[in-house]
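Residue numbers (our numbering), protein chains in the order written: chain A, 109 to 754; chain B, 109 to 754; chain C, 109 to 754.
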């Protein structure tokens with residue numbers, strides 16, 4: 109595997125248009141001092157590049173690129189389509205997004221466009237073409253950055269043009285209105301459609317929306333945003349071929365099914381903003397890195413945005429403590445990043461993000477934040493000489509992550525509130541506590557390379573998806589299935605006869621169980637297993653056909669019923685165990701799979717992962733720590749990072 | 109009194125259009141196995157019956173009815189107007205309801221019509237007429253079921269046609285605009301109207317709405333929904349006379365004043381969905397049954413809908429535990445139901461209610477839920493041979509329940525948040541704990557037959573209503589008046605001079621007290637009476653003219669003031685006592701009235717009630733219980749039901 | 109200094125149009141019995157005075173005024189523009205306000221007009237002119253009362269006319285669109301405008317609004333409301349010159365910058381509604397009085413509205429306890445009020461405020477509330493003979509209160525949630541606990557007369573404002589600067605280089621410190637100083653150039669860093685200390701300033717203040733208290749008021 113770039117990338121979003129030109133030279137001087145390799149330029153420059161429709165002003169950007177080039181700084185060239193100018197809103201109010209209550213959103217923040225607006229698309233295309241024509245072959249540019257965080261504020265618009273696009277998308281998906289009626293189950297509640305023209309967006313309505321209608325709206329939203337990316341990508345490939353193209357993803361983002369997107373990106377890039385005050389934020393962060401790597405099929409990726417310290421959009425925005433940002437950065441590198449960029453280079457003095465930290469803060473260069481930025485740059489430059497750059501991150505464990513199950517579980521009128529990413533992360537966290545590296549996989553993926561495959565709350569799955577899981581157990585690898593898996597098919601129709609794919613399914617056979625009834629617990633209610641550990645949120649009535657009952661419910665509505673079962677290498681977990689119980693279960697499964705854990709016992713606050721021939725051990729707590737890792741004792745300072753030979 | 113039907117009705121909503129025809133025969137087979145007598149058909153069939161405007165398709169329904177008839181299953185024939193088809197929304201968007209912020213709600217759930225839409229009414233009428241013409245005299249049908257849960261999602265629409273209907277309704281009510289101005293007190297805040305044409309719906313506005321305006325909007329909403337019922341009923345009576353007609357009510361439903369509705373129904377039917385995890389849900393459930401019976405003047409009624417286990421619309425939907433549904437069902441039978449139907453027969457595989465339990469669940473017939481359904485069917489069939497069927501439920505205690513007081517107390521700009529049904533249920537619960545059966549009565553009703561009459565928080569009342577209460581005490585029966593009674597007349601004008609109907613009112617004389625000032629307690633604040641018990645929510649300054657002070661406030665803003673007074677058989681309660689104090693007070697009142705309690709001391713979780721010559725004792729707790737009832741010791745299993753000779 | 113009036117004013121809003129004329133004579137009789145001097149008439153009379161457009165009916169008001177005049181009652185004549193009649197809404201729906209989501213609010217409450225509506229302004233002007241022409245020179249009238257609580261429900265409307273007015277206001281403010289682009293920092297997020305015509309109101313939008321856009325919208329809102337006042341005032345001055353004109357303010361009201369308004373009012377009047385159940389409400393109340401006095405430059409003012417007991421608009425509306433209203437009233441008199449009026453004279457029987465207490469309650473004249481009203485009237489009449497009337501309230505301490513900092517701190521995307529008035533009140537409360545009288549001052553005011561000047565959270569300030577603060581310390585007076593001061597200029601651009609006005613500012617020099625980083629604490633998180641006291645909400649990294657570190661952070665993200673510093677007479681407080689620490693700090697500062705505290709140690713629940721030659725000592729607690737005040741021991745009853753010689 110080769111690296112994304114010849115050396116680690118380091119730098120950030122650079123918005124020189126916010127500053128007078130005399131600051132630009134100082135920027136290049138400071139970038140060089142901080143070993144910055146890369147600036148992302150132009151993300152929010154549309155109004156400056158095209159101050160009036162069709163009237164372009166590239167002169168200032170020419171000068172910016174020349175200065176950067178002269179300073180040896182490479183450029184991620186953005187397409188500037190993320191935030192259209194005022195004139196688009198004023199001249200074409202139909203481009204503004206409309207919410208589900210019919211309110212047309214106004215101009216004055218960013219991303220104020222309907223993803224399905226043909227007028228927006230036309231103007232965005234013209235802009236991208238103009239930029240590509242102007243800067244193709246520019247020596248400073250080494251990649252294209254399409255739009256920005258597509259859908260972060262607006263996934264859907266409920267305007268007429270979007271509804272028309274939705275209808276066309278449905279017609280492509282279903283072919284006939286009869287097939288849509290079947291898939292959506294419109295015999296229920298008198299919802300039958302006579303033609304696609306009768307279908308509307310699932311706007312505000314008196315009661316629960318048709319679930320498949322809502323799911324298709326989500327699918328359509330993801331597809332619409334991807335279409336925006338493809339539109340720009342295709343122009344760039346046509347006009348300025350030869351450079352890789354990406355758009356910055358947002359990890360566990362509910363607005364788009366990134367499994368659909370990932371194949372279209374030349375490399376994966378990602379934005380991540382952990383909460384500095386949350387001691388468990390590193391778990392989610394590590395998972396986001398592993399998801400990002402998995403989206404790219406294991407190839408190196410780019411951390412496009414992170415903050416060197418505080419953000420500005422939480423209710424209370426804590427700073428990162430000294431060293432904490434370095435720990436976050438190596439968390440990315442260790443998990444496959446070949447570059448570490450930031451939002452942003454120089455902290456804005458005005459505007460809605462002026463309180464968001466930057467590599468050059470309001471206080472200037474003689475500040476802790478800038479000193480740490482310089483040190484990190486130097487350290488990354490030094491690391492470029494190792495085999496970490498471009499190396500893979502091996503994993504023997506897979507966790508299935510499925511956007512459609514997320515969307516279905518988040519609907520109204522479901523058995524209980526299930527926070528899908530949180531349920532998935534419980535499993536991830538238990539493996540992380542043992543230092544076991546995880547890949548995320550798509551439902552229906554080929555799981556042949558994995559020794560352990562875990563499918564938590566995979567509520568929505570095709571029979572083929574579920575058969576694929578059964579096959580994991582059939583070949584002797586460990587299969588772990590969590591509650592609320594295999595309940596609904598991809599049209600959201602229930603599998604009849606015991607769920608898990610329905611009566612007589614391969615998955616029921618593999619697990620040796622079926623599910624008769626759900627018995628969700630009340631919010632805050634706990635129950636106890638016969639081993640004394642605590643469970644929350646979920647119980648159910650499991651019928652055992654052929655399985656060992658590993659644990660039973662000792663309290664709660666189905667006292668005496670099976671809670672955890674095992675049939676050969678196939679495990680079924682019918683509840684939400686506490687972390688101690690989960691640790692014990694993971695231990696059992698690791699042993700059964702012959703997978704070695706890096707930590708001999710669960711560790712919190714410290715992670716370890718191997719990339720290339722380097723083992724990273726990272727302390728995410730403010731206290732010094734000593735841990736045993738793969739047989740070695742490692743001492744770590746506050747937020748310390750150790751690099752061992754793997 | 110004769111029964112509603114020759115035997116107990118048992119069964120549920122049946123939606124065969126959601127399933128292929130091959131399932132229908134299996135349905136009849138299973139229904140017969142479960143002793144099902146009754147299927148409610150067609151509730152959500154409009155789009156299937158009339159797939160395009162004016163184009164009817166009855167063939168499938170003919171076949172369904174034939175199969176049911178052949179199987180001996182009787183039919184509640186629904187009019188299918190509850191959920192109009194997509195074509196109505198698309199062709200006539202003016203039929204869609206508009207919320208108070210002007211948002212027109214969309215198609216895709218159910219009940220998406222403005223109750224005042226003439227186009228909806230025209231199409232609904234045509235449909236009802238077509239169904240009535242098609243199926244009049246059909247041997248399987250034994251009753252008509254109009255619409256479904258009228259107003260459960262949409263009571264009001266703020267569209268122009270609804271506003272016009274509101275103006276017409278106001279003109280009918282008030283005759284002249286001067287009279288409206290007087291009633292609404294429009295001299296306040298410069299709200300005078302010059303004509304009815306100037307009056308709008310109480311849509312979103314800058315500050316507090318005129319209270320009488322809001323109250324009239326509520327009255328109008330209830331009247332509009334009732335008009336929908338009457339429209340259908342009159343068509344049915346005209347086209348297909350001879351069968352009883354009902355619509356399913358929803359107990360303590362805030363959207364409609366069911367006292368106005370009840371005389372128009374040939375028999376009362378009701379839907380009830382208690383929360384299985386709430387140990388006190390049986391109290392509200394029992395009260396709902398008693399209200400339903402009281403609406404029908406004591407005649408038997410039909411439980412039209414309940415769930416055999418979980419519902420799908422709470423945040424977390426617990427199942428009913430084994431036996432719990434039987435306890436709920438006998439709670440209905442004991443309190444006057446002559447039939448026990450469900451939503452629904454077969455659990456949907458798709459749509460917004462697929463996670464709602466049914467008599468045939470996703471797991472099929474070999475499941476706990478279906479087994480219990482069969483057992484309950486058999487038990488009801490056996491009970492048809494007793495004198496319970498059709499029998500009355502005698503009560504010597506009445507509690508006044510008044511929708512207009514509910515609506516007034518729920519307004520903005522009132523002395524304090526008072527949850528009217530909760531306050532009423534405190535009294536009801538204390539009587540239930542002693543096994544004393546209660547009727548609910550309308551303010552202004554003839555209370556001659558009752559030994560105890562309780563009026564809690566009857567904030568809104570006419571002088572005649574209050575005089576009627578005073579008359580209860582005058583004839584020596586026990587009258588119990590709670591705080592916030594007789595504060596406002598039916599125009600919501602305050603009674604001046606001590607409230608309780610105002611200076612010198614019969615009620616002030618009967619009670620021997622008047623009220624000078626309100627002194628609501630803060631949320632969560634408690635105070636203590638001179639007997640050491642605790643009170644919450646409310647205190648006030650009571651002036652005693654001629655009454656014994658039973659208890660005084662020992663703490664709180666009116667320390668030393670009267671809290672409970674008694675003048676002969678007239679009691680006044682100027683606060684919210686805790687349940688122990690309420691139990692003691694009820695005990696005193698029962699003794700004074702000579703009413704025997706079935707339980708010698710308060711009992712929680714177990715109820716008893718007499719119907720015909722049978723005394724039912726029902727355990728609503730998961731633990732086995734032994735209780736003394738009317739001098740007998742009764743052992744009850746978990747959720748057990750005992751039937752004794754009364 | 110002379111008094112506002114020849115004697116203390118006493119009375120309230122009088123709405124005779126809500127009552128039949130026979131009540132009016134009784135009103136005058138009762139007013140005389142209660143020593144009422146003043147009735148505010150006509151506040152909500154528009155619909156009665158002008159029942160149809162241009163058709164005036166003054167007859168009833170003539171009779172009211174004649175009766176009052178005959179009874180010796182003086183009149184505050186209102187202009188009746190606060191609540192336009194139904195006909196204005198019906199004929200000119202464009203006068204109705206539109207919210208930020210585009211919803212046009214309806215008629216049926218009050219204040220349903222867009223402040224920028226030209227049609228509203230035209231009709232309001234005609235009305236004011238008609239009233240002024242009718243009643244100029246009327247012997248009963250002694251002042252004009254314009255509108256009512258301007259903006260209490262509607263500060264902004266998002267309708268086209270308001271947007272046009274906003275654009276015109278911006279053009280006046282900025283001159284050129286380039287200057288607006290500079291001030292707003294529109295280079296950020298591609299927000300550049302090409303003309304003022306492109307600028308919209310900051311209506312609902314996808315993400316964070318441009319902060320300066322939002323701030324200007326606030327400024328514009330305040331200016332629009334002031335324009336309404338000026339429009340009426342100018343008509344009154346033209347048509348009916350000679351009498352003082354006011355409008356009733358609302359203390360710490362977020363909708364308007366009263367510093368801009370105050371110079372336009374002939375005298376300041378204020379409405380105040382403390383929560384009777386909040387034991388600390390007297391602190392806010394005292395601060396509101398001091399703000400009101402400060403707005404008028406120290407001159408006497410009028411309490412235009414207060415409730416004699418409960419209000420009706422809280423969730424739970426407690427009554428005032430016996431004596432409590434007298435304590436509130438003397439709190440006003442002691443702090444500069446020359447009159448004590450109420451909302452309202454007679455409690456309404458109908459309408460949205462019928463549960464709001466009044467001087468003549470529903471219970472009539474033989475009630476506690478009316479008895480206390482009579483006693484208070486007599487007491488005030490007696491006080492008119494003292495030198496309290498018209499006297500000043502001396503203060504040696506100033507606290508800067510800045511509406512623009514409030515507005516900026518309340519925006520989205522800020523470092524942390526800061527409740528600006530609450531932060532200011534922490535300082536105020538500490539001084540109140542010592543019996544030290546405070547003036548509030550405007551940022552940039554001449555502080556020459558003060559020995560102590562405190563600037564808490566003055567986030568937004570011009571360099572001149574900050575230089576003015578530095579000058580306080582330069583002349584040796586005590587300057588106390590709180591965290592988040594001098595962060596942004598008046599365009600909301602950050603001061604670079606250590607905040608506090610930026611690198612090398614006079615304020616940095618005066619304090620001897622600069623601020624490198626913010627480190628807000630999480631909600632509920634506490635930290636400890638090296639003296640063991642607790643701090644919350646805020647920490648930061650302070651760089652000390654030349655200052656004594658008075659206290660350091662002993663825990664939290666910047667452990668070891670300076671928390672409180674002192675450089676000569678300039679103090680900097682980099683955190684939110686608890687009240688004990690604040691008391692100790694205030695003690696140190698008072699000593700340093702040579703300001704004597706009236707209480708030798710902090711006292712809660714009792715206040716003292718000197719006006720004229722009278723020292724007031726007021727007990728705001730229900731318990732009797734004994735306190736030492738200025739060397740004297742004072743015994744106070746429950747809610748007692750003592751008047752000593754100062």
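Backbone N, C-alpha and C define an ideal beta-carbon position, used for all residues, glycine too.
As assigned by DSSP and simplified to three states, the class of residue i
i: residue 336/A; result: helix
i: residue 478/C; result: helix
i: residue 139/B; result: helix
i: residue 672/C; result: strand
i: residue 684/C; result: strand
Rounded separation between residue i and residue j - CA only
i: residue 451/C; j: residue 560/B; result: 43 Å
i: residue 390/A; j: residue 525/C; result: 25 Å
i: residue 335/A; j: residue 203/A; result: 16 Å
Under 9 Å by beta carbon: chain A residues contacting residue i
i: residue 134/B; result: Per Cβ cutoff of 9 Å: no residues; residue 134/B is ~12 Å from chain A at best.
Per-residue contacts from residue i into chain B (C-beta, under 8 Å)
i: residue 375/C; result: Within chain B, no residue comes near residue 375/C; the closest Cβ sits about 26 Å away, beyond 8 Å.
Contacts of residue i in chain C (Cβ-Cβ under 8 Å)
i: residue 98/A; result: In this structure chain A extends from 109 to 754, so residue 98/A is not present and cannot be described.
Under 8 Å from the C-beta of residue i: neighbouring residues of chain A
i: residue 125/B; result: 295
- Can you find at least 3 beta carbon pairs, one from the stretch 707-715 of chain B and one from the stretch 656-665 of chain B, that sit closer than 8 Å? They do not touch, by the three-pair rule.
- Below 8 Å, can you find three or more Cβ-Cβ pairs linking the stretch 231-244 of chain A to the stretch 267-277 of chain A? Contact between the stretch 231-244 of chain A and the stretch 267-277 of chain A is absent, because fewer than three Cβ pairs lie under 8 Å.
- Item | Residues within the stretch 137-155 of chain C neighbouring chain B, beta-carbon criterion of under 7 Å | Answer set for the stretch 137-155 of chain C: 152, 153, 154, 155.
- Message: Closer than 8 Å between beta carbons: that is the criterion. Which residues of the stretch 310-344 of chain B meet it against chain C?
- Response: So the close ones are 310, 311, 312, 313, 314, 315, 316, 317, 318, 319, 320, 321.
- Message: Count Cβ pairs between the stretch 121-134 of chain C and the stretch 161-180 of chain C that sit closer than 8 Å; are there 3 or more?
- Response: Contact holds: three or more Cβ-Cβ distances are below 8 Å.
- Message: Closer than 9 Å between beta carbons: that is the criterion. Which residues of the stretch 454-472 of chain C meet it against chain B?
- Response: Correct list: 455, 456, 457, 458, 459, 460, 461, 462, 463, 464, 465, 469, 470, 471, 472.
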